[in-house]
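Asker:
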Amino acid sequence: MTLCVSAKNALGKDESKNSIKLPKVHVTTKKDKKWNEAEQVKNSIDEFWFNEEEEKAENLTCNKPLDLVIALDSSESIREANWTKLIRFTKAVVKTLDPTLTRVSVIRYNTNAEVPIPLGFFQSADAFGTTLDNVFYEPGGTRTDVALSKALAVFASGGQRRASRVLLVVTDNPTNDIRLSKESLVIGRDLVEKPSESLKSYEVITFGVGIQYGLTATELTDLNEEIKMFTLDHAGDKRVVEVQDFDGLLKEANNVAGKICLVNGGWSSWSPWSQCTASCGGGTKVRLRRCDNPKPVNNGTNCTELSGSTVETAACNIYPCTDGLEVTSLRPLPFHPAKGAAQNILFSKDCPNGFDYVIVGNDQMSASSVYTKDTGDPTILKLHGPGNGRLYNVINAGAWCAEHTESVTNNQEQYIQIDLKLPIKIAKVGTQGQASLISNNWVTFFKFNYSEDGRTWKQYNQTLKGNEDREGVSESVISPPVKARYVRFNPVHWNARGGLPKHDICMRVGVFTCTEIKLTKQNHKTFKRTLIRTRKNRST
């Protein structure tokens with residue numbers, strides 16, 4: 001979850017020009033005596049109610065597991081006096097969190113973004129506060145898009161744990177525009193869109209607090225629109241909090257802490273498949289899952305807001321109905337004919353009635369490695385993950401791909417694996433290349449390994465023919481059929497025209513089982529005569 005706090009300082013924009021930054025120390029030139037006296041009175045008043053609000057925060061406790069990243073805007077418009085208020089606001093929010101359940105990180109950003117406090121547990125809020133005091137003010141531009149990208153990297157480096165991901169961004173300005181040339185300008189808000197979507201894909205929910213004092217009407221509109229964009233709260237009523245000035249920031253600490261103390265919903269396991277709507281000729285089956293593992297709490301996101309659906313449908317009983325006609329086989333759709341020496345096989349001696357394609361879910365797919373362009377970027381990883389390696393898939397990168405370095409080094413130990421949930425008889429396998437218009441990646445030969453328990457593996461007695469293009473489905477009969485719960489497709493040769501560095505190990509895979517046709521007493525004799533006639537026709 002991302003929470004943004006936006007602020008505009010009340011004392012003008014030029015003070016930073018009079019400041020000299022030293023490591024952890026800032027020296028400011030003398031100001032007019034009357035101005036200093038007025039500032040001292042103002043700070044005394046601020047100190048009074050800041051302490052009062054901090055005492056209120058100490059009485060609140062959030063007992064939800066969180067991974068919280070706080071990104072503090074250190075741009076020149078903030079100024080050092082207001083930076084102190086940002087630090088105190090941050091301490092007040094963290095004081096409401098259970099240190100045994102919450103990991104906290106802090107990002108300081110201006111034109112660039114740094115991580116002075118990595119994601120981790122603290123013994124207490126006081127221990128965190130002591131560490132936070134060492135994070136000093138460093139002026140620069142405002143690039144919230146850079147902070148969002150850095151936050152994604154922080155979350156990814158923290159690994160997986162059962163906790164809601166929250167990002168709190170404190171800023172006083174919309175992201176700076178970037179001028180590429182005299183005629184070309186990139187709007188700052190457009191820079192924010194991509195990292196915002198990446199955070200959503202990584203199940204990070206975004207909130208926003210905007211401190212509006214001193215902004216022009218145009219700046220205020222730009223800031224509000226930007227916050228709504230990276231909070232994905234287009235109505236601005238759940239994840240956006242508006243604050244008038246820096247002095248009101250700490251007063252909102254409890255409100256902000258209450259909003260981020262939430263639980264994001266998680267998917268349950270899939271239910272068993274429903275009964276097929278047809279006994280033959282092609283029907284549909286359905287399975288369900290719920291967003292209750294865990295249930296959303298305190299406006300935590302519903303699972304469908306991030307990814308997936310509560311309902312999944314699949315084709316079933318696709319073999320033709322037998323009413324005395326010659327037995328044929330329906331192909332799973334879409335059908336892409338094989339190219340070159342590859343084959344599309346409708347029957348085998350072990351499966352005279354044809355084959356059924358075994359449908360699997362993302363959670364049943366795994367792999368030895370996943371392509372990230374050797375960066376570890378979780379967004380790239382998701383696009384090329386093993387769930388994309390199902391036969392006929394055309395979404396995301398259009399295939400599972402191994403990490404790029406594995407192709408460059410000609411590593412023939414890579415694999416994509418399917419867990420079929422229970423042992424079944426596998427009679428045929430199929431493969432495709434990567435469904436991409438810009439990448440010519442496909443596997444030309446592979447080994448097929450199988451196991452009933454996931455520990456003891458057997459290798460099929462021959463290396464199997466793969467593909468000669470991206471889309472064609474190349475099929476290989478497994479004869480005799482093998483019984484297995486786990487199967488692995490192990491590429492040993494792939495398209496490398498132009499050199500290995502220009503290509504990757506990418507494939508889509510699937511397994512087939514023999515079609516079983518249930519017969520009634522009325523049509524058994526007719527079907528038997530038809531089956532004998534069909535076999536004789538194939539032998540001629």
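Position one of the sequence shown corresponds to residue 1 (the UniProt record's numbering), numbered consecutively onward.
Virtual Cβ for every residue (Gly too), placed ideally from N, Cα, C.
Evaluate E413 with the Cβ neighbour count: other Cβ atoms within 10 Å of its Cβ, from every protein chain shown; 16 or more gives buried, anything less gives exposed.
Answerer: Its Cβ having fewer than 16 others within 10 Å, E413 is exposed.
Asker: Consult DSSP for E242 and reduce its assignment to one of helix, strand or coil.
Answerer: It is a strand residue.
Asker: Below 8 Å, can you find three or more Cβ-Cβ pairs linking the region 310–318 to the region 265–276?
Answerer: Three or more beta-carbon pairs drawn from the region 310–318 and the region 265–276 are found closer than 8 Å, and the two stretches are therefore classed as touching.
Asker: Anyone know if the C-beta pair for A163 and L66 falls short of 7 Å?
Answerer: yes
Asker: Would you mind stating whether F512 and I416 have Cβ atoms separated by less than 7 Å?
Answerer: For the pair F512 and I416, the CB atoms are not nearer than the 7 Å cut-off.
Asker: Below 8 Å on the Cβ atoms is my contact criterion, and I expect Q459 with M507 to pass it. Report the Cβ-Cβ distance as a whole number of Å.
Answerer: Not a contact, Cβ separation roughly 18 Å.
Asker: Under the rule that 16 or more other beta-carbon atoms within 10 Å means buried, what is P480, buried or exposed?
Answerer: exposed
Asker: Who are the Cβ neighbours of G376 in its own chain at under 6 Å, not counting the five residues just before and after it?
Answerer: none
Asker: I'd like the list of long-range same chain contacts for G385, defined as Cβ closer than 6 Å, with 5 residues on each side in sequence excluded.
Answerer: V370
Asker: Around the Cβ of residue 551, are there at least 16 other Cβ atoms within 10 angstroms (buried) or fewer (exposed)?
Answerer: Any property of residue 551 remains undetermined from this structure, which presents the chain solely from 1 to 540.
Asker: Measure the Cβ-Cβ separation of I70 and V166 and say whether it is below 7 Å.
Answerer: no
Asker: With distances taken from CA atoms, which of T96, W400, V192, K228 is nearest N254?
Answerer: T96
Asker: Determine the closest residue to S451 out of V154, A435, K425, with distance taken between C-alpha atoms.
Answerer: K425
Asker: At 4 residues or longer, what runs of the alpha helix (DSSP H) sit wholly inside the region 66–101?
Answerer: If we require 4 residues or more, the alpha helix (DSSP H) runs fully inside the region 66–101 come out as 80–95.
Asker: Put N362 into one of helix, strand or coil per three-state DSSP.
Answerer: helix
Asker: Could you check what DSSP says for P195 in three-state terms: helix, strand or coil?
Answerer: helix
Asker: Give the single residue among G140, G159, V93 whose Cα lies nearest to the Cα of P118.
Answerer: Cα-wise, what sits closest to P118 is G159.
Asker: On the DSSP letters alone, give me the boundaries of the alpha helix (DSSP H) that P378 sits inside.
Answerer: 378–384
Asker: Give the DSSP-derived three-state secondary structure of T206 in the structure shown.
Answerer: Here T206 carries a strand assignment [DSSP, helix/strand/coil].
Asker: Which residue from P423, D469, V477, Q434 puts its Cα closest to that of F448?
Answerer: Among P423, D469, V477, Q434, the Cα nearest to that of F448 is on V477.
Asker: Over the uninterrupted beta strand (DSSP E) stretch that includes S407, give me the two end residues.
Answerer: First-last for S407: 404–408, but that is the alpha helix (DSSP H), not the beta strand (DSSP E).
Asker: Go to V256, then tell me how far its alpha helix (DSSP H) extends in each direction, as first and last residue.
Answerer: 253–260
Asker: Is it buried or exposed, residue 544, if we count other Cβ atoms within 10 angstroms and call 16 or more buried?
Answerer: The chain is shown from 1 up to 540; residue 544 falls before or after that span and cannot be answered.
Asker: Please state whether DSSP places A278 in a helix, a strand or coil.
Answerer: coil
Asker: Put L223 into one of helix, strand or coil per three-state DSSP.
Answerer: Helix.
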